[in-house]
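Take a look at the structure below.
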Amino acid sequence: MEKIEHRAVKKFLTKQGKTPQTILQEMLAVYGDSGPGKIMIYKWHTLFKQGRDSIEDDPRPGQPIETTPEIVEHFDRP
Numbered sequence: 094m095e096k097i098e099h100r101a102v103k104k105f106l107t108k109q110g111k112t113p114q115t116i117l118q119e120m121l122a123v124y125g126d127s128g129p130g131k132i133m134i135y136k137w138h139t140l141f142k143q144g145r146d147s148i149e150d151d152p153r154p155g156q157p158i159e160t161t162p163e164i165v166e167h168f169d170r171p
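Numbering (this note's numbering), first residue to last: 94 to 171.
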């Protein structure tokens, strides 16, 4: 959940017209080492400036991984 919170903050600050460098400084002041890195701040700043609205991950290609009790039992056997 933390990355979604960080993205929401980045989106808000981007919409306020803040630069990526300013966003980085402000997020470091609040989140410290648990905050997002410089690369992620620049990436999401660019995406929001280009019109992206969602803070959720994009769907990834491929079949979703499914786990059933039977599969877990199969791999838990000695």
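Every residue, glycine too, gets a C-beta built ideally from N, C-alpha and C.
State yes or no: is the C-beta of residue i within less than 8 Å of the C-beta of residue j?
| i | j | result |
| --- | --- | --- |
| K108 | I116 | no |
| H138 | P113 | yes |
| D164 | I97 | Contrary to the premise, residue 164 reads as Ile rather than Asp in this sequence. The answer is no: Cβ separation not under 8 Å. |
| G128 | L121 | yes |
With respect to the alpha helix (DSSP H) encompassing residue i, which residues constitute its N-terminal and C-terminal limits?
| i | result |
| --- | --- |
| E98 | 95 to 108 |
| I134 | 131 to 142 |
| Q114 | 113 to 124 |
Please classify residue i as buried or exposed, where buried requires at least 16 other C-beta atoms within 10 Å of its C-beta.
| i | result |
| --- | --- |
| F105 | exposed |
| R100 | buried |
| F168 | exposed |
| I134 | buried |
So, helix, strand or coil for residue i, using DSSP?
| i | result |
| --- | --- |
| D146 | coil |
| I164 | helix |
| D151 | coil |
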